[in-house]
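In this note's numbering, the protein residues as written are 134 to 283.
Virtual Cβ for every residue (Gly too), placed ideally from N, Cα, C.
Predicted, not measured: the structure shown is a model, and the values here were computed from it.
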């Protein structure tokens, strides 16, 4: 719930700002991180943006799957190692925030541009970050559980 609320708070604040406020450097980032405003009707990096109904449907189905499957898989694969629990919460929070945007607004608000390496062209949000890092934590937790149970 925390990731969902935080991401929605930032998205709302970004959407309320005047267009001329963007892009701008994040204070203290020495130009490596910019705050931008982008609205993405598709999946990550604009994939399938020409098919908004499909994107909404797949987002909802994927989020519902995550809500039910990840906790079940944690129980099935191990004793619910804390990394799996944190990862599950992060993925569900991030996915729920982006799915909410797609269903209610028809597009996801992205606002963070990390200007390094392969991320230079990507504009993401806190929900995306939670999905990526939550997935990594979940995977690491599964590996630890499997190694522990050998």
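By the C-beta density criterion, residue 196 is buried, having at least 16 other C-beta atoms within 10 angstroms. Comparing alpha-carbon positions, the option among 163, 143, 184, 266 lying closest to residue 244 turns out to be 143. The beta carbon of residue 268 sits closer than 7 angstroms to the beta carbons of 220, 224 from its chain, once the five residues preceding and following it are set aside; these are given in chain order. For residue 134, DSSP records no beta bridge to any residue. When rounded, the separation of the alpha-carbon atoms in residue 283 and residue 161 is 46 angstroms. Apart from sequence neighbours up to five positions away, the residues of its chain that approach residue 155 with a beta-carbon distance below 6 angstroms are 169, 170, ordered along the chain. Across the set 278, 258, 272, the C-alpha of 258 shows the shortest separation from the C-alpha of residue 166. In this structure, the straight-line span from the alpha carbon of residue 249 to that of residue 148 is close to 25 angstroms. If you ignore the 5 residues before and after residue 270, its C-beta comes within less than 7 angstroms of the C-beta of 216, 219, 220, 223, all in its own chain and listed in chain order.
Take the alpha-carbon of residue 234 and the one of residue 240: they are about 6 angstroms apart. Counting only the Cα atoms, residue 256 lies some 8 angstroms from residue 178.
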